[in-house]
Amino acid sequence: MRAVIVGTAGHIDHGKTALVRALTGTDTDRLPEEKKRGITIDLGFAELDLGDVHLGFVDVPGHERFVRNMLAGAHGIDLVMLVVAADEGVMPQTREHFDICRLLGIKSGLVVISKSDLVEDDLLALVREEVEDLVRGSFLDGAPIIAASALTGEGLVQLKNELRRIALKLESRRSHLVMRLPIDRVFTVHGFGTVVTGTLIAGSLRVADEVELLPAATRVRVRGLQVHGRRVEQAEAGWRTAVNLSGVEAASLRRGMTLVPAGRLRATRAFDAWIEVLEGGGPLVTRANVHVHIGAAETSARVRVLEPTGRIEPRAGGFAQFLLAEPVVALPEDRFIVRSVAPARTIAGGFVIDAHPPKHRGREKATARERLQHWIEADGTERFLSMVEAAGERGISRTDVLARTGWTDDFLTEILDQDRTRHAVVLAEDLFISRRQLNSLVERLTSVVEDFHLREPLARGLAREELREKVMARAPSEIFRAALAEAERLGRLVGEKELVRAATHRIELSAEEAALRDAFEAIFRRAGLEALTADEALARARVVGRAHEQRARRLIKLLLDAGTLVQLNQGLIIHRDAARDLLTSLQTYKRHHGATISVPAFKELVGVSRKYAIPLLEYLDRQAVTRREGDLRRLLL
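As numbered in our numbering, residues 1 to 637 make up the sequence shown, in order.
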């Protein structure tokens, strides 16, 4: 069965509620004050089953004071039933409601000239002409105009038939987006607890699902579901849905919140959009204070127009950023309405392009407009590639992509499987980065390493962390690792433990340098476990002069990088042969004396003073050969 949401629109007392009651048998005026005053104040809901089509009616208030309530229900409308009373014709709220429907991107509907029993045919014809003038050039141009009476039943059969015909021709709701249910009512049911209602505008919702209430970021569970009073196990996009929630009190909820899959979407305090200003509604200028209605939410906002003039004239469109006083849930292509603060009237509307945008400084406006124009025209793949490219060397995570777009996992997988995506994007662990950006990082890494070799020809390589700080200090470690791996794959760089060298780098020592290197190795080998500092080694080698000293220190570093020498703490160094002999001594000790050793026993075993024993034991601790337990060391080898 096709599920379609029909929204009423029109001036106060033009018979919207009476028509819905005549069509469905349901009185949507549920509040005592509505009964007393005879007007609709808040949203009302009804249903009509036409066999292969199920119509859910959202009856909205027509009084100008309650337009904000009307907007809370208008976001989920598939087709509109614009109601114009035959005895009054087109009125101010008729025009405002019609403008709202047009700005919300509603593409289908019809017009009902209500109370047709109250006027003669000639007046009915005049009202019809007035309606045709109103809708000319709009989505209702050429739509059915049906004269009807809720009192006599005239035109109701034709109205049902036309609603069914239009409903069957509607495009299906977007299936590539995750579940969203903007909340327009919150109440408590005795014995069940908290219930929220709204139009499920995307995805599906099941009993027992874990969901999240945004912007509060409250996680709750679906205890039960109802669709127009019937219990169901699963609700689909397009249904008016009541959700019984566990884990939250009704008092903590409000209209305007949105129910989403847990951990999937994020609320925003700003969005970039294309905006259309109504005739008589502007101009819309930078720093203007307005009210924004999006989904079922309403918040005040400040406008930053991105057009060169800083303003969007009436009957014109342009790009703007909205800075919101309160966070809302928004996704690309979501429609919204802009109303002035005083007097309160609808002045503009548009659709979201980027729901999590950067701040646009003055010089960046042109670039921002280009990017937004591209996003309007882009398909899902182009938008994904644009997001990855815009992320630069920081990359963008799968989680962020899904939060910014609202896409399902399956839809993103389809994009990732396309050839042009595979050629243009690299997955660095959990981050996407453009191949162009990755190639640029490879060039920069290679250049820095090669420059280092020119300055330090005796160094085996540049420390990894130093390389990262020089080239990618602000980039995530995942991107650095991916760029380094790509450089190695291309044969540009080689990673060796904590160092990185150019693939072509070879250390070439002069005869004098080779002799000095061998002399240092002999000095440390003779010292055994009585560790030496570099200064002590230089003194024993009789190195004098600043230039000779710098070269000598580089040769000691070369021996350390090669693993010939071993660094303890406090600047002390031993030969690797001494370290190997130490492990052999400890293994022998363990076999004969047990698995623990004291500091005095260790000093006696290796024949050194405390000056050397403590650095040696701390080195062994770091190597997981020993583990300190009070005054003892446990032997782990």
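All residues carry an ideal CB built from backbone N, CA and C; glycine is no exception.
1. Measuring CB to CB, does glycine 155 end up less than 9 Å from alanine 148?
2. Measuring only the C-alpha atoms, how far is methionine 257 from glutamate 618?
3. Got a sec? Which residues, its chain only, sit under 8 Å from arginine 37 by beta carbon, not counting five neighbours each side?
4. Report yes or no: do the region 532-541 and the region 434-450 share at least 3 C-beta pairs separated by less than 8 Å?
5. Let me know the alpha helix (DSSP H) ranges lying completely inside the region 335-401, each 4 residues or longer, listed in chain order.
6. Can you check whether the CB of proline 261 is closer than 9 Å to the CB of valine 329?
7. Note down, in chain order, each residue of its chain lying with its Cβ closer than 6 Å to the Cβ of valine 543, except the 5 sequence neighbours on either side.
8. I'd like to check one pair, valine 471 with arginine 444: are the Cβ atoms closer than 9 Å?
9. Could you give the first and the last residue of the continuous beta strand (DSSP E) run that contains serine 114?
10. What is the rounded straight-line gap between the Cα of phenylalanine 678 and the Cα of threonine 17?
11. So, is proline 92 buried or exposed, given that buried needs 16 or more other C-beta atoms within 10 angstroms?
12. Would you kindly report the start and end of the unbroken beta strand (DSSP E) that includes serine 204?
13. Measure the CB-CB distance between glutamate 186 and arginine 255 and report whether it falls below 9 Å.
14. I need the straight-line Cα distance from glutamate 34 to glycine 229, nearest angstrom please.
15. Measure the beta-carbon distance from alanine 541 to leucine 516 and round it to whole angstroms, keeping in mind my assumption that it falls under 8 Å.
16. Ignore the nearest five residues each way along the sequence and tell me which others in glycine 406's own chain have a CB closer than 6 Å to its CB.
17. Between the beta-carbon of alanine 368 and the beta-carbon of histidine 360, is there less than 9 Å?
18. Report all residues from its chain with a CB closer than 8 Å to the CB of serine 386; omit the five preceding and five following residues, and keep chain order.
19. Between the alpha carbons of glycine 664 and glutamate 429, how many angstroms are there, rounded?
20. For asparagine 161, name the three-state secondary structure that DSSP assigns.
21. Specify, as a first and last residue, the run of the beta strand (DSSP E) that histidine 97 falls within.
22. Alpha carbon to alpha carbon, how far is arginine 468 from glutamate 450? Give it in angstroms, no decimals.
23. With a 10 Å radius around its C-beta and 16 neighbouring C-beta atoms as the bar for buried, classify alanine 320 as buried or exposed.
24. Rounded to the nearest angstrom, what separates valine 426 and glutamate 313 at their Cα positions?
25. Considering Cα atoms alone, identify which of Gly25, Leu79, Glu88 and Gln587 is closest to histidine 11.
26. Measure the CB-CB distance between alanine 579 and leucine 635 and report whether it falls below 9 Å.
27. When the Cα atoms are used, what is the spatial distance from valine 4 to glycine 238?
28. If glycine 76 sits next to threonine 199, beta carbons under 8 Å apart, how far is it from one beta carbon to the other, in whole angstroms?
Concretely, from the data shown:
1. yes
2. 57 Å
3. In this prediction, arginine 37 has a pLDDT of 45, which is less than 50 and means its spatial position is unreliable; nothing more can be read from the coordinates.
4. no
5. 365-377 and 380-391
6. no
7. Glu549 and Ala552
8. yes
9. 109-114
10. Any answer about residue 678 is impossible in this case: the structure gives the chain only from 1 up to 637.
11. exposed
12. 204-206
13. Correcting the residue identity first, residue 186 is valine in this sequence and not glutamate. Result yes, Cβ atoms of valine 186 and arginine 255 sit closer than 9 Å.
14. Interpretation of glutamate 34 is limited by its pLDDT of 38, a score under 50 that renders its predicted location unreliable; the figure taken from the coordinates is listed afterwards. Whole-angstrom Cα-Cα distance: 22 Å.
15. 7 Å
16. Leu177, Val178 and Leu331
17. yes
18. Arg371, His374, Trp375 and Ala378
19. Here the chain has residues from 1 to 637 only, and residue 664 is not among them.
20. helix
21. Where histidine 97 is concerned, there is no enclosing beta strand (DSSP E), although the alpha helix (DSSP H) it sits in stretches over 92-103.
22. 14 Å
23. buried
24. 43 Å
25. Glu88
26. no
27. 6 Å
28. 3 Å
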